[in-house]
Structures are given as C-alpha cells and as structure tokens.
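Trainee: Mind having a look at this structure? Questions to follow.
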Amino acid sequence: MYAYVLDDLTVHYSGDFTGDPATGTLGLEILPTTLADAAAGPRDRIDEAAARHHPDTGPARTVEPLAAAARPGDAVHEPFAGGHTLRRSETAAGLRVRRHEPSAASSITTTDAAPITTITITTELATGDGLALVHRLSHRAGDPFVRVRTSAVNEGTEPVVLDLLTSFTLTGLTPFAAGDAPGRLVVHRIRSAWSAEARLVSESVEQLGLERPYVNIGTVAERFGVTGTMPSAGWMPFLAIEDTAIGVLWGVQLAAGGPWQLELVRSRDALAIGGGPADHDFGHWRHTLAPGETYDAPEAVLTAVHGDLDALCARLTAAQAGHPRPALEPELPIQFNEYATTWGNPTHERVLGLADRLQGSGVRYFTIDCGWFSDPGTNWGRSHGDWEPSTVRFPGGLAATARALRTRGFVPGLWWEPETAGELSKAYADPDLHLPQHVAARHFLDLRRPEVAGLLLDRMTALLRDGDFGYLKIDYNANLTGPDGTTVRQLTDASRRFIQDLSARLPDLVIENCSGGGHRIDPAYAGITAVSSGSDAFEAREAPVIAANLHRVLLPRQSLVWVTLRAEDPEPALISKLAAGFLGRMCLSGDPDRLDEEQWRVVRRALALYEEAAPLIADGTSLQGGTRPPHAMRNPTGWQSVLRLSPDRRQALAVLHTFDAPGDSATVALPAGAWTASATLTPSGTPLTIAGPRLRWHHPAPWSGAVALLSRAG
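Each residue of the sequence shown is one higher than the one before, starting from 665 at the first, in this note's numbering.
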C-alpha cells in the first residue's frame, strides 16, 4: 500500500501490487486524515452458512482498479455483468501497473499570493499490447479536494478503439466496516430538469439493489448519467456516498462537459464508484486512438469529509473557485434582464423606459434578451441564426440602444444562442453550416469545423464591439442526442472551445452560461464562464427551493437567480422573490416601472442590502436547514433556511423562505457566540430576533421570505 497525507485527506493506493508489473493492480481510497487510523481491516472470507456450503470463490473483499477501459469485442468472463457495466471487460482485467510515482513537491507562483505547493501522483497501467492508461491525482496545498484525470495512450503501431475510458474510480467503500456494512450506506444523487434543477435524491444501497450477492459470484451495478449535449438534463454530474454509522461522506463532481456516466459497482463486500465519458453501452461513444495519440477523460474532483452533506458539497464546489472573473466582477453586480418583461419582444423605447426607472437603484448590467433579431410577429425561437438586429425594434440600430444604456450608467448585455439556427433563418437552410438533425425547430451548427466557428466568432465579436456590450448571455435551448455519442462529445468539446476563443477575443466580456436555465450547470462550463443560469424559474413559487439546492453543485457567486417583480405582488410575495436573489447572483426582471412607491421602496432596500451581503455570497460556506421535505419542489410545505458563513465564521447571511403550512416560527441555529443583526428584510409584523445562538423568525406568513445580515462579537 502507498499512503499520502494531503492536508486533511489521506490517499491510499491499495491492492495486490508487489512490484511485479505482470500481476499488480491498484485501487484508490480516500479518507479524512483524522479518521485514517479508524479504518477496519476487511474480513477474509464470508462466514454465512450458505457461503460455507458453496465452492470457495476467494476473499470477501477485492480492490476495484483505479482505472478501466474496454474495447469492442472484449471477452467478458463474468456471466451477469453484460448490459450493466463495461468494467468487467477483458481489457480492464488485463491492465497491470507499470509505474507508480509521486512528483517531487513543486511550487506554483501566483500573482496575488505566496507560492503554492502542489503534488501529482502518477500511476501508469498497461495491457502489454500497446494500450496504456495514465492516471494522475493532483493536490494543491490547502485545497480540500483532489483532482483526478485519466488519459489513454496508444503506444502501439495499430489503431486502438475504445468503448470505455474511466476518469476515476474510488474503491473500498466503506473502509470503516469489516463486512458489507448493511443498513449504513446512503447514496446521494442530484436530479435535474427544466425549472426543477438540483433535486436531491438520497437512497440506501439496499434501495438501489446494491447489496452484495450471498456468495462471491456476479457484480451488481447502477449506471446513470446524460447522453446528450446538455450535461445536466436529467442528472447533475455528482455522486456522494455516506457512511451513516461513522458520519463520513465521499463525493465526486465530474467536469463532464458533454455525455457522461457515473457508476456504483459491487461484487463483494465493498462498494466502488467511478465514472467518465458515457461509454458505448450507455452513450454510444466509441473513440479510435491513432498510433501515438492520447485521449483525456474529463477531470473528476474527489473528496471525503467527517461531517454532513453540506460540508462535502462545500469542499467539492471549492474546486470551482478559480473561474475567470473580469475586473468589473468582484462586487457581484446586480443585473436586470428584460425577458420576463417583454417575453422576447424588446424595443428601443421599452428598454430605455425600464432603464430610466432603474437608474440609481444599484443595478449595473442591463441585458437585452432574445428577440432583438426578429421583427414583431415573428417567433424568435424559429428565426434566430442570422443575427441581424431588427430595424423595426431598434430603428437607430442595436448599438445605439446599447450606447444609450451606457450613458445611463449601465453595462449593456445581450442574449445569444450561437450554437443553433432556427428553421426560419437563412443559416438553417445552409447545409454547409450544420448537422442535419432537427430538434425543437433548430439545426445545430457544426462548430467542430474551423470555418463555421470562425464565421460565427467574427459576427459575434463585431456586433458586441460595435455596441460596447460588456455582458453576454449564451443560451442553448435544445438537447442533441445523436447521431452518435462520439459526435455529441465532439460537439460539446467544440462548444467550450468556442466560448474560450470568444473570451480570448473579448477578455473583459462577462459571459453567462445558460441552457434553457440550468441544463449546462457543470464544472466544465463553470470553469470558463463567470455566471451560470441557475434556472428558468422566472417567477415560479419553487424558485427559492431551486436556488438553495444549487448551492450543492455551484458556487452562489456564479448562480444567477431570477427575481421577477410584478405590480400585483403583495409584500410577502415581493420579499420572497427578493430574498431568493440573495441565494446567488440577483437578476431582476418583470415590471419595475409598474410598481407603486411602497413596493419600489422595498425593492430599493433589498438591493442596498444585497450590496452589503455580496462578499458573503461571493465567499463563504452554506448550511441548509428547515422543515421542508427534501424532495418537495413544486408543492413544498414548511420552511427552509440557508445560512451563509464567512470563512472566519464571524459574519453570516441568513435567507429564509416559507411555503404551505410553515408553522408559528422558523429557527436557525448559529455558531456559538454573541450574534447581532446589522440589517434585516422581512414583511411587516414578522420580525427576526436573536436569542443565544438562535435566529428566530416570528409568525411568518405562507409563501414569504426574510433576510438577515449577522455579525459575531469577540
């Protein structure tokens, strides 16, 4: 066994590797360092009566290798694995350790901090017939996670075809039980759908049918993921395993970028998890490696924690903290987007009328959403693709409207769906630009081709520069699942390259990643854009639930939350909407110019409080509480709270929401100490008070909200 202590994580490479490459294999285990010595030794054999009467098939626990691959036509030596996992392929079984070596600790000098020590542990596996896998685990001092990436290399003289390549595998769950740990392992996954993003689903291993067979025959497996171009359409690329008996969780976020899969695999006592690109069985992916070629699987972020799910998620999302943030971004400026005002019918007059109302409110970005290219009466979702601004909507030109926003003190923003063309556009009819698949009145541009991507980049760059736009909302409103998984992954890779190329041309442009709301919430996209649309729940009553759930997979400073203001909103509903905005980046919409003076006073007060709270939203950890049933979204009951703590735990932002039947009060536990509220936002007659380490909201009405900015003395 090789062991490495990486701050508060201990990494074990365990298995039967004895130095002989012909027989060695390695599995990867991660434990909280404080509990590394508490791991239980595995039992040697199954001691149940039925097993004693069955021919012996080896030890009760084996190691799942840290990387796996499969090729077409591989023999499968296990009778029940077919259709469930490709990990039992002949190629995977033939991989042997060729090299295992940690790098000497090295230092990376950053522009704003002292040198940071990093270490990379490289393990090479080979089949002996030209295929090698290179598994790299890296850690930077101070990080609460490790990054893992696996590459396939064709070292032979003939092409190698892959049907499976894993990004990572974590074995030995749970190491704190000698046997098969009945009743103590819980699997946490996150479902996602349009305007129902990030729904937590927690199930026991037993509920998922992942109990071990009574003897050492066969593998049980659960494989899930996404096969289209929207990497969060169905599931988020996230998985956590909780050992409820000892209070330890293991988790992974996969920087999927495109089609992906995660797997839970069990053949003996211990559970293993792994994942990477969607394989040939699941996602119709197949990749041919030419001699000398390397293929990189998506990066996986792994961690373990002695704590709860909130603590685990905070560690995983910390890996996204290095995303690009242009110079105008540190304060998380509030924006207004006119989509839920005009519903795809912006005009010069309406835009500037709204801007006049918003002047001096604290709003910095003003985004013109879809429809700017289509004349009135034309369906914008079927006519996009040529990107010629409508001279009917903007008689003086779109750039003139953008410049008028600048003179009023706003940074102008613009919506674009660059990767598709609607069926009424000229681009749709040009077969040289796109794939033939038709989905939701759209064709998909073939951005793999430099000439197609170059033309679009030139058009976008020219128009954005002409209007001096500082914000771009990139939308993507259809999910392509064909013609095959290889093409789909190539298209999503090209999509991210396109965004990176656009950023290189316009380095000060703030880019929002949107895909019908949150269908591209994924570390691969969050790593190249400053903002991610959390949801299209423009004014749905479940919007606060979605915004809170998203804290598990996305940094709040990147998560855009719609706050759609309506003149008919009573005070509790208005404050509920505004409070939801404190769960991420606040994006106003709706009808601010139709609010009465009392409503506008509430809005102005909330925006001023948001500016005070922005540092906590930008940098902190989230603790979730309340009585809302965890799976309820469309029709929630009870109440929820999100407590956002500063890194030094001396300041906090509390955001509370009620739903049906909230009860007489809502109480939030605070860290020990003497807390005071420097500012609050609540509906009339429902005060917030602090008594000891408790924040209490008194007599909240159903479907309401409250916000408190807190500080701790001493």
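Glycine residues also receive a C-beta, built at the ideal position from the N, C-alpha and C atoms.
1. What residue does the alpha helix (DSSP H) around N1213 start on, and which one ends it?
2. Spatial neighbours of G806 within its chain, please: CB distance less than 6 Å, with the 5 preceding and 5 following residues excluded, ordered by chain position.
3. Inspect the beta-carbon positions of I1402 and S1196 and report whether they are closer than 7 Å.
4. In chain order, what residues of the same chain lie with their CB nearer than 8 Å to the CB of T1151, ignoring the 5 residues before and after it?
5. With the cut-off set at 7 Å, would you say E927 and G939 are in Cβ contact?
6. By how many angstroms is the C-alpha of L834 removed from the C-alpha of E788?
7. Taking Cβ to Cβ, would you say G691 is nearer than 7 Å to G705?
8. What does the alpha-carbon distance come out to for the pair L1170 and M1124?
9. State the DSSP-derived secondary structure class of L1359, mapped to helix, strand or coil.
10. Evaluate the contact criterion for the segment 1202-1218 versus the segment 1300-1310: three or more CB pairs, one atom per stretch, below 8 Å.
11. What do you get for W1361, buried or exposed, if any count of 16 or more other CB atoms within 10 angstroms of its CB means buried?
12. Distance check for I937 and G1086, CA to CA, integer angstroms please.
13. According to DSSP, what are the bridge partners of C1251?
14. Need the endpoints of the alpha helix (DSSP H) that K1241 sits in, please.
15. Got a sec: does the ligand PLP put a non-hydrogen atom nearer than 6 Å to the Cβ of R1249?
16. Rounded to the nearest angstrom, how far is the Cβ of G1180 from that of W858, given a contact under 8 Å?
17. Below 7 Å between beta carbons: does that hold for F1162 and A1126?
18. Can you tell me the Cα-Cα spacing of A745 and A860, whole angstroms?
19. So what's D827 in DSSP terms, helix, strand or just coil?
20. Consult DSSP for D1312 and reduce its assignment to one of helix, strand or coil.
21. Just to confirm before moving on: does the CB-CB distance between T784 and R800 stay below 7 Å?
22. Under a Cβ-count criterion, where at least 16 other Cβ atoms within 10 Å of its own Cβ denotes burial, should V1056 be classed as buried or exposed?
23. With D979 and P808 assumed to form a contact (beta carbons below 8 Å), what rounded beta-carbon distance in angstroms separates them?
24. Expressed to the nearest angstrom, what Euclidean distance is found between the alpha-carbon atoms of W899 and D972?
25. Let me know the secondary structure DSSP gives L953 once reduced to three states.
26. Terminal residues of the continuous alpha helix (DSSP H) containing P990?
27. Out of curiosity, what's the CA-to-CA distance linking T1156 and C1034?
28. Which value, in whole angstroms, describes the spacing of the CA atoms of T1353 and V1027?
29. In angstroms, rounded to a whole number, what distance separates the CA positions of D607 and W1264?
30. Compute the distance between the beta-carbons of R848 and V865, then report whether it is under 7 Å.
31. Pick helix, strand or coil for A756, following the three-state DSSP scheme.
32. May I ask you to report which of helix, strand or coil DSSP gives A1372?
33. For V675, count neighbouring C-beta atoms within 10 Å of its own C-beta (all shown protein chains included) and say buried if the count is 16 or more, exposed if not.
34. Taking the straight line between their C-alpha atoms, what separation do you get for R763 and A790?
35. Just verifying my parser: in three-state terms, what is the DSSP assignment at G1149?
36. Mapping the DSSP letters down to three states, classify V727 as helix, strand or coil.
Mentor: On the basis of the supplied data:
1. A1207 to N1213
2. none
3. Missing from the structure shown is residue 1402; the chain here goes from 665 to 1378 and no further.
4. L1099
5. yes
6. 16 Å
7. no
8. 10 Å
9. strand
10. yes
11. buried
12. 41 Å
13. Q999 and W1226
14. E1235 to G1245
15. The ligand PLP is not among the ligands present in this structure, which contains no ligands whatsoever.
16. 6 Å
17. no
18. 33 Å
19. coil
20. coil
21. yes
22. exposed
23. What sits at residue 979 in the sequence shown is Arg, not Asp. Right, their Cβ atoms sit about 4 Å apart.
24. 21 Å
25. strand
26. Segment: none, P990 is in no alpha helix (DSSP H) and carries neither H nor E.
27. 22 Å
28. 30 Å
29. Residue 607 lies beyond the range of the chain shown here (665 to 1378); nothing can be said about it.
30. no
31. helix
32. strand
33. buried
34. 9 Å
35. helix
36. coil
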